[in-house]
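One structure is given below, encoded as C-alpha coordinates.
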Amino acid sequence: MKKKNEKKSAVKLNVGQKNAGGSSKNDGDTGIKKQYLKTKPVCRITFRLPKDAAPEARIVTVAGDFNNWDTAETQLKRLKSGDFKATLELPGDREYRFRYLIDGSRWENDWCADKYIPNPYGCDDSVVVV
(Lines of atoms letter the chains of each structure in order from A; the text may use other names.)
(Lines give C-alpha, C1' and ligand atoms only; values in the text may rest on other atoms or scores of the structure.)
Protein backbone atom coordinates (compact mmCIF):
# COMPACT_ATOMS: atom_id res chain seq x y z
CA MET A 1 0.00 0.00 0.00
CA LYS A 2 1.40 3.39 -0.95
CA LYS A 3 1.38 6.12 1.69
CA LYS A 4 1.32 9.81 0.89
CA ASN A 5 4.50 11.72 1.58
CA GLU A 6 4.04 13.76 4.73
CA LYS A 7 6.21 14.84 7.62
CA LYS A 8 5.17 14.53 11.24
CA SER A 9 3.27 17.61 12.28
CA ALA A 10 4.14 18.44 15.85
CA VAL A 11 6.52 18.18 18.73
CA LYS A 12 6.60 14.92 20.68
CA LEU A 13 4.77 15.18 24.01
CA ASN A 14 5.04 13.08 27.16
CA VAL A 15 3.57 9.59 27.03
CA GLY A 16 2.79 7.13 29.83
CA GLN A 17 5.28 4.52 30.93
CA LYS A 18 4.62 1.08 32.40
CA ASN A 19 4.57 1.18 36.18
CA ALA A 20 4.78 -1.43 38.91
CA GLY A 21 1.00 -1.55 39.31
CA GLY A 22 0.55 -3.13 35.89
CA SER A 23 -1.19 -0.21 34.23
CA SER A 24 -0.32 3.22 32.97
CA LYS A 25 -1.84 6.38 31.56
CA ASN A 26 -0.56 9.21 29.46
CA ASP A 27 -0.36 12.80 30.66
CA GLY A 28 -3.58 14.54 29.68
CA ASP A 29 -6.32 13.43 27.34
CA THR A 30 -4.42 13.26 24.04
CA GLY A 31 -2.08 10.77 22.46
CA ILE A 32 -1.49 7.16 23.39
CA LYS A 33 -2.75 5.56 26.59
CA LYS A 34 -1.36 2.15 27.61
CA GLN A 35 -2.97 -0.24 30.06
CA TYR A 36 -1.07 -3.45 30.78
CA LEU A 37 -3.44 -6.28 31.69
CA LYS A 38 -2.56 -8.60 34.56
CA THR A 39 -4.80 -11.41 33.27
CA LYS A 40 -3.49 -11.54 29.67
CA PRO A 41 -0.12 -10.93 27.97
CA VAL A 42 -1.54 -7.96 26.09
CA CYS A 43 -1.59 -4.21 26.41
CA ARG A 44 -4.75 -2.20 25.87
CA ILE A 45 -3.71 0.75 23.70
CA THR A 46 -5.96 3.77 23.28
CA PHE A 47 -5.09 5.83 20.22
CA ARG A 48 -6.34 9.41 20.34
CA LEU A 49 -5.97 11.99 17.61
CA PRO A 50 -6.68 15.53 18.84
CA LYS A 51 -9.17 17.77 17.07
CA ASP A 52 -6.33 20.19 16.26
CA ALA A 53 -4.68 17.54 14.06
CA ALA A 54 -7.77 17.13 11.90
CA PRO A 55 -10.34 19.86 12.65
CA GLU A 56 -12.50 19.21 9.57
CA ALA A 57 -12.11 15.40 9.50
CA ARG A 58 -15.12 13.18 8.96
CA ILE A 59 -13.40 9.77 9.17
CA VAL A 60 -10.12 8.84 10.87
CA THR A 61 -8.65 5.35 10.82
CA VAL A 62 -5.45 3.95 12.31
CA ALA A 63 -3.33 1.59 10.22
CA GLY A 64 -0.17 -0.18 11.27
CA ASP A 65 1.73 -3.39 11.83
CA PHE A 66 -1.06 -4.62 14.12
CA ASN A 67 -3.69 -4.66 11.32
CA ASN A 68 -1.46 -5.26 8.30
CA TRP A 69 -1.74 -1.55 7.37
CA ASP A 70 -5.42 -2.06 6.54
CA THR A 71 -6.77 1.48 6.23
CA ALA A 72 -10.40 0.39 6.69
CA GLU A 73 -10.13 -2.04 9.62
CA THR A 74 -9.80 0.29 12.62
CA GLN A 75 -11.94 3.42 12.52
CA LEU A 76 -11.66 5.91 15.37
CA LYS A 77 -14.79 7.27 17.02
CA ARG A 78 -15.34 11.03 17.06
CA LEU A 79 -15.79 12.30 20.62
CA LYS A 80 -17.87 15.32 21.70
CA SER A 81 -14.59 17.22 22.09
CA GLY A 82 -13.86 16.68 18.39
CA ASP A 83 -10.97 14.30 19.14
CA PHE A 84 -10.95 10.81 17.59
CA LYS A 85 -10.35 7.68 19.71
CA ALA A 86 -10.02 3.87 19.37
CA THR A 87 -8.81 1.17 21.76
CA LEU A 88 -7.08 -2.07 20.72
CA GLU A 89 -5.57 -4.98 22.65
CA LEU A 90 -2.11 -5.78 21.29
CA PRO A 91 0.40 -8.47 22.29
CA GLY A 92 3.12 -7.03 24.51
CA ASP A 93 6.91 -7.00 24.35
CA ARG A 94 7.17 -5.45 20.90
CA GLU A 95 6.98 -2.25 18.89
CA TYR A 96 4.24 -1.35 16.43
CA ARG A 97 4.54 1.16 13.60
CA PHE A 98 1.36 3.05 12.77
CA ARG A 99 -0.18 6.21 11.30
CA TYR A 100 -3.60 7.83 11.18
CA LEU A 101 -5.41 8.22 7.85
CA ILE A 102 -7.72 11.23 7.71
CA ASP A 103 -10.68 11.10 5.31
CA GLY A 104 -8.88 8.48 3.23
CA SER A 105 -6.39 10.98 1.83
CA ARG A 106 -4.03 12.50 4.43
CA TRP A 107 -1.60 10.65 6.70
CA GLU A 108 -0.88 11.99 10.19
CA ASN A 109 1.51 10.83 12.90
CA ASP A 110 0.60 10.55 16.56
CA TRP A 111 1.96 13.59 18.36
CA CYS A 112 2.66 11.46 21.46
CA ALA A 113 4.28 8.42 19.85
CA ASP A 114 7.06 6.68 21.77
CA LYS A 115 9.33 7.28 18.79
CA TYR A 116 9.34 7.82 15.04
CA ILE A 117 11.02 5.64 12.40
CA PRO A 118 11.60 6.64 8.76
CA ASN A 119 9.57 4.65 6.25
CA PRO A 120 10.25 3.92 2.55
CA TYR A 121 7.89 6.73 1.47
CA GLY A 122 10.12 9.60 2.65
CA CYS A 123 8.37 10.34 5.93
CA ASP A 124 8.19 8.84 9.42
CA ASP A 125 5.91 6.25 10.99
CA SER A 126 4.76 6.66 14.59
CA VAL A 127 5.84 3.85 16.92
CA VAL A 128 4.20 2.61 20.11
CA VAL A 129 6.30 0.35 22.35
CA VAL A 130 4.36 -2.16 24.47
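Numbering-wise, the sequence shown is residues 1 to 130 according to my numbering.
For glycine and all other residues, C-beta sits at the position ideal for the given N, C-alpha and C.
Whole-angstrom Cβ separation of SER81 and PHE98, contact assumed at under 8 Å? Locating residue 81 in the sequence shown gives position 81, counting from the first residue. Locating residue 98 in the sequence shown gives position 98, counting from the first residue. Not a contact, Cβ separation roughly 22 Å.
Do TYR100 and VAL62 have their C-beta atoms within less than 8 Å of each other? Locating residue 100 in the sequence shown gives position 100, counting from the first residue. Locating residue 62 in the sequence shown gives position 62, counting from the first residue. The Cβ-Cβ distance between TYR100 and VAL62 falls below 8 Å.
How long is the line joining the alpha carbons of ALA187 and ARG94, rounded to whole angstroms? An answer regarding residue 187 cannot be provided, because it is not within the stretch 1 to 130 covered by the chain.
Using 10 angstroms around the beta-carbon of PRO144, count the other beta-carbons present and answer buried if the total reaches 16, otherwise exposed. Residue 144 lies beyond the stretch modelled for the chain, which goes from 1 to 130, so this question has no answer here.
Have a look at LYS77, ALA72 and LEU88 and flag the residue whose alpha-carbon is nearest the alpha-carbon of SER105. Translated into the one-based positions of the sequence shown, residue 105 becomes position 105. For SER105, the closest C-alpha among the options LYS77, ALA72 and LEU88 is that of ALA72.
Could you check what DSSP says for ASP93 in three-state terms: helix, strand or coil? For the purposes of this step, residue 93 is identified with residue 93 of the sequence shown, where counting begins at 1. If DSSP states are grouped into helix, strand and coil, ASP93 belongs with coil.
Under the DSSP definition of a beta bridge, which residues are partnered with ARG44? Counted from its first residue, the sequence shown places residue 44 at position 44. Among the bridge pairs identified by DSSP, ARG44 is matched with GLN35 and GLU89.
Among residues of its own chain, excluding the 5 on either side of LYS40, which ones have a beta-carbon nearer than 8 Å to its beta-carbon? One-based indexing of the sequence shown puts residue 40 at position 40. So the list reads GLU89, once near-sequence residues are dropped.
Distance between VAL42 and PRO55 (C-alpha atoms, nearest Å): As a position in the sequence shown, residue 55 is number 55, starting the count at 1. As a position in the sequence shown, residue 42 is number 42, starting the count at 1. In this structure, the alpha-carbon of PRO55 lies about 32 Å from that of VAL42.
Cα-Cα, which of LEU37, TYR116 and ARG58 is closest to GLN131? With the chain running from 1 to 130 in the structure shown, residue 131 is simply not present.
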